[in-house]
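So the sequence shown is residues 41 to 368, counted in this note's numbering. The next block holds one structure in the form of structure tokens; read it before the comments.
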Amino acid sequence: VGRRRAGPATPFQYVQRPHRLGLGAEPAAPEVTSKKHIKSGESREGKAHKVFLDAEGRQKHVITLDDKLVDAVKKGVHPGKTMYFLTGRHQGLACEVLALEPKVEGRSARATVRLLASNATLTARCLKLGEKYEVDAAAAARAAEKAARKAQKAEKKSQKSSRDSGAAREQSGDAAPSAKRHRSGQEDACRSRAERSDSEDAAPADDGPPWLAHHIRVRIVDKALARGKLYLKKGTVVDVHQPTVCDVVVDDPRQRVSGVHQWQLETIVPKKEGDLLLVLRGEHKGQRAKLLHRNAKAGAAAVQLLAEMEVVKISFDDIADYVGGDDD
Numbered sequence: 041v042g043r044r045r046a047g048p049a050t051p052f053q054y055v056q057r058p059h060r061l062g063l064g065a066e067p068a069a070p071e072v073t074s075k076k077h078i079k080s081g082e083s084r085e086g087k088a089h090k091v092f093l094d095a096e097g098r099q100k101h102v103i104t105l106d107d108k109l110v111d112a113v114k115k116g117v118h119p120g121k122t123m124y125f126l127t128g129r130h131q132g133l134a135c136e137v138l139a140l141e142p143k144v145e146g147r148s149a150r151a152t153v154r155l156l157a158s159n160a161t162l163t164a165r166c167l168k169l170g171e172k173y174e175v176d177a178a179a180a181a182r183a184a185e186k187a188a189r190k191a192q193k194a195e196k197k198s199q200k201s202s203r204d205s206g207a208a209r210e211q212s213g214d215a216a217p218s219a220k221r222h223r224s225g226q227e228d229a230c231r232s233r234a235e236r237s238d239s240e241d242a243a244p245a246d247d248g249p250p251w252l253a254h255h256i257r258v259r260i261v262d263k264a265l266a267r268g269k270l271y272l273k274k275g276t277v278v279d280v281h282q283p284t285v286c287d288v289v290v291d292d293p294r295q296r297v298s299g300v301h302q303w304q305l306e307t308i309v310p311k312k313e314g315d316l317l318l319v320l321r322g323e324h325k326g327q328r329a330k331l332l333h334r335n336a337k338a339g340a341a342a343v344q345l346l347a348e349m350e351v352v353k354i355s356f357d358d359i360a361d362y363v364g365g366d367d368d
């Protein structure tokens, strides 16, 4: 088309919006027809609004002939919609909205969602849920911020290394070639150690002091374990190979997971008073206790030690639900 165009022109079309609907506005619900008889191919429900979404989930108003339109999805949090966690411990995970909880004065809106990877059901704040393109944008921003911090750290190390090498040259004066080669080798070693330390920063954090024990109840909190299928699943520790590595039998689906590190787990504290607990850390480590009262806001519980009958206050992280027998 046209005298100056070398190749064929790609045709495009504009996506029609509902009548009197501006950019970014929400269309009204389709009207239900009140006709007594409808023609073949017609429906009593109004025609659904069609839109085009790109790979990132953004709506586009200009498309090519090969692009396919889909039904418009209502914005915000709604039952049956697939959304993603933008912040918090579940950041980046996809979920399906099951229901919206009743509004409570003085509290932000909440919804009951189901994680698509593990089918775990939980309650989430609606402010933490968003579209897929919002998750991608947040991840790109975090990656850019991390790269900037890493570059700044490397620059500081480089400046310090150059200052140290300059001071050494001033002190030594005209050093022998062998000494120069020796210093060069030391600088290379320093750089290699710095590179190793940078690579270790990306690895998971250290397990810390060991607290694993047989027959305690735990919850899996590692999103990458079994590709996220076991995320937030509950289970029981059945074998401790090393101080910080164990085997866990998951409740649902019933299976044994081997080689689980303690940093991938968190302890479970029962809600029922009188349940049996095991102290995992502190001066009372290894003792059995009975739950008297738990304070979720403070993250601590009042327990009674069975051996000494003493009542103490212990953090949730230092106790766990115990399902073993008296002789275990």
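Heads up, the beta-carbon is just placed ideally off N, CA and C, and yes, glycines get one too. Given the structure is predicted, the values throughout are model-derived calculations rather than measurements.
Beta-bridge pairing of residue i - partner residues as DSSP gives them
| i | result |
| --- | --- |
| Thr122 | Glu136 |
| Leu305 | Ile260 |
| Phe52 | Thr104 |
| Val351 | Gln344 |
| Arg328 | Leu318 |
Neighbour flag for residue i against chain B, beta carbons, 9 Å
| i | result |
| --- | --- |
| Leu155 | In the structure shown, chain B does not exist; there is a single protein chain. |
Option in the options with minimal Cα separation from residue i
| i | options | result |
| --- | --- | --- |
| Val289 | Arg259, Leu316 and Pro310 | Arg259 |
| Lys108 | Lys100, Pro119 and Ser148 | Lys100 |
| Ser148 | Leu162, Arg154, Leu138 and Leu167 | Leu167 |
| Ile308 | Pro119, Ala360 and Arg165 | Ala360 |
| Lys353 | Ala341, Leu346 and Ala179 | Ala341 |
| Thr284 | Tyr271, Gly299, Asp291 and Lys273 | Gly299 |
| Val297 | Asp106, Pro310 and Arg267 | Arg267 |
| Pro293 | His301, Leu272 and Glu313 | Leu272 |
| Lys263 | Glu306, Pro249 and His118 | Glu306 |
| Ala151 | Ala183, Val117 and Val175 | Val117 |
| Arg165 | Met123, Gln199 and Cys286 | Met123 |
| Gln56 | Ser80, Ile78 and Val102 | Val102 |
Integer-rounded CB distance, given that residue j should sit under 8 Å from residue i
| i | j | result |
| --- | --- | --- |
| Val153 | Leu162 | 6 Å |
| Asp291 | Lys274 | 5 Å |
| His254 | Gly364 | 6 Å |
| Ala178 | Leu93 | Actually they do not touch by this definition, with Cβ atoms about 19 Å apart. |
Cβ neighbour criterion (16 or more within 10 Å) applied to residue i
| i | result |
| --- | --- |
| Pro142 | exposed |
| Lys220 | No answer about Lys220 holds up, because its pLDDT of 47 lies below 50 and its placement is not dependable. |
| Arg257 | buried |
| Tyr54 | exposed |
| Arg334 | buried |
| Ser232 | Residue placement at Ser232 is poorly supported in this model, since its pLDDT is 47, which falls under 50; the coordinates are not used for a value here. |
| Gln282 | exposed |
> Between the segment 327-336 and the segment 274-281, are three or more C-beta pairs nearer than 8 Å?
Replying inline: no
> Between the segment 125-134 and the segment 150-165, do three or more beta carbon pairs fall short of 8 Å?
Replying inline: yes
> Are the segment 191-208 and the segment 161-175 touching, with three or more C-beta to C-beta distances below 8 Å?
Replying inline: no
>> I want to know whether the segment 303-322 touches the segment 344-358 - three or more CB-CB distances under 8 Å.
In response: yes
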